[in-house]
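Shown next, in structure tokens, is the structure this report addresses.
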Amino acid sequence: MVSSDPSGYTLEICCYSENDIISAIKGGATRIELCAGQRDGGTTPSYGALLQARQYLPKINIVVMIRPRGGDFCYSHSELQHMVEDIKLVKQLGFNGVVFGALTHQATVDLDACKRLIAASTNLASTFHRAFDCTANPTVAATHLSELGINRVLSSGQQNYIEQGLSLLIALQQQHQNIEWIVAGGVRAHNLAMLKMQGIKHFHSAASEPLLSQFDTRYALAMAADKDPQLELQRAQVSQREVSSMALALERN
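Here the UniProt record's numbering is used: the first residue of the sequence shown is 1, the next is one more, and so on.
What follows is the structure in structure tokens.
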């Protein structure tokens, strides 16, 4: 199973399409997080998207987002069963891991929900996503995730940008060395050297650039009455150039 380059660093790129996957691989990514729902911050990809992505295994490690909808991370029994079935499919298709997160209404880790999801994820690497950044007490949340046996946690240190949350992540990394802490939140080539100097090994980035629609905007119509039709056409794609710059930054001493 591919997880990081020979230097020990991991460059995980968030991908929403096959074109994104190709750009990430060509740029030098070592792991892909496969998602749908770009505007929602990542949701579970469709069966068709999974089949497309599977052809790039085992060339690159691919983990799959398990999130049935946007919005908060508090899930009903029905939604959790939905997530369990999605995990079963991901496992059946041969992917390397899953990415999920579940919280209570009090902003604590939903232990019962996570136990179900982890049980379904046997033989898959498990990542608790940035729901972690919405917890009321990150120290307690990290302890719970460590005790549950989560393999990885994706976090910006509960801040919008990693530079602001780095001190928290460094402390949590020292306290819970059994977890692979993946930093997120504005991770780009320009700040990798600083992050490396702080002992960070695992990086997550959208590495994105705007993707301009070729659609005639005179005919644009919002799919929801309160939305701007022009915004409906806005998308982003993985920038091979940015991924390459990040990969090169990780190779430098």
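A virtual CB, placed ideally from N, CA and C, is assigned to each residue, including glycine.
Please classify L11 as buried or exposed, where buried requires at least 16 neighbouring CB atoms within 10 angstroms.
buried
Other residues of its chain near residue 305: CB distance less than 7 Å, five sequence neighbours each side excluded
The structure shown does not extend to residue 305, since the chain is modelled only from 1 to 253, so the question has no answer here.
So, do the segment 159 to 169 and the segment 99 to 115 have three or more beta carbon pairs nearer to each other than 8 Å?
no
What are the boundary residues of the alpha helix (DSSP H) that includes A189?
A189 to M197
Smallest Cα separation from S17: which of Y47, G8 and G28?
Y47
Closest by C-alpha distance to N137, when choosing among Q158, A49 and I182
Q158
Give, in chain order, every unbroken run of the alpha helix (DSSP H) that is at least 4 residues long and sits entirely within the segment 47 to 91.
47 to 54
I believe A102 touches Y75 by the beta-carbon criterion, under 8 Å. Please report the beta-carbon distance rounded to the nearest angstrom.
6 Å
Mark M246 as exposed unless 16 or more other C-beta atoms lie within 10 angstroms of its C-beta, in which case mark it buried.
buried
Sort V243, K201 and H176 by Cα distance to E209 and report the nearest one.
V243
When the Cα atoms are used, what is the spatial distance from V64 to V90?
7 Å
Cα separation between N178 and A142?
11 Å
How would you label R152, buried or exposed, when you count the other beta carbons within 10 angstroms and need 16 or more for buried?
buried
With DSSP as the reference, please indicate the residues paired to R241 in a beta bridge.
DSSP, once it has assigned bridges, lists no residue as partnering R241.
Can you say whether T122 is buried or exposed, counting buried as having 16 or more other CB atoms within 10 angstroms of its CB?
exposed
Beta-ladder partner(s) of F203, from DSSP:
L11 and V183
Would you grab the beta carbon distance between T127 and G94 for me? Rounded to a whole angstrom, and I think it's under 8 Å.
No, T127 and G94 are not in contact; Cβ-Cβ is about 17 Å, not under 8 Å.
Within its chain, find whatever has a CB closer than 6 Å to the CB of S23; leave out the 5 residues flanking it on each side and keep chain order.
V238 and Q240
Cα-Cα, which of Q175, E180 and E163 is closest to A193?
E163
Please give me, in chain order, every unbroken run of the beta strand (DSSP E) with length at least 3 that falls completely inside the segment 108 to 134.
125 to 128
With a threshold of 16 other CB atoms inside 10 Å of the CB of D40, please say whether the residue is buried or exposed.
exposed
Can you list, in chain order, the residues of its chain whose CB lies under 7 Å from that of F73, leaving out five sequence neighbours each side?
G101, A102, L103, A131 and C134
Whole angstroms are fine: how far does the CA of I21 sit from the CA of residue 254?
The chain is shown only over 1 to 253; residue 254 falls outside these bounds and no answer can be derived.
Thinking W181 and S213 are a contact (beta carbons under 8 Å), I'd like their distance in whole angstroms, please.
Actually they do not touch by this definition, with Cβ atoms about 37 Å apart.
Short of 6 Å in beta carbon distance, which residues of its chain neighbour H129, apart from the five on each side in sequence? Order them along the chain.
V99, G101 and L154
Using 8 Å for Cβ pairs, my map puts I32 next to I60. What's the rounded Cβ distance?
6 Å
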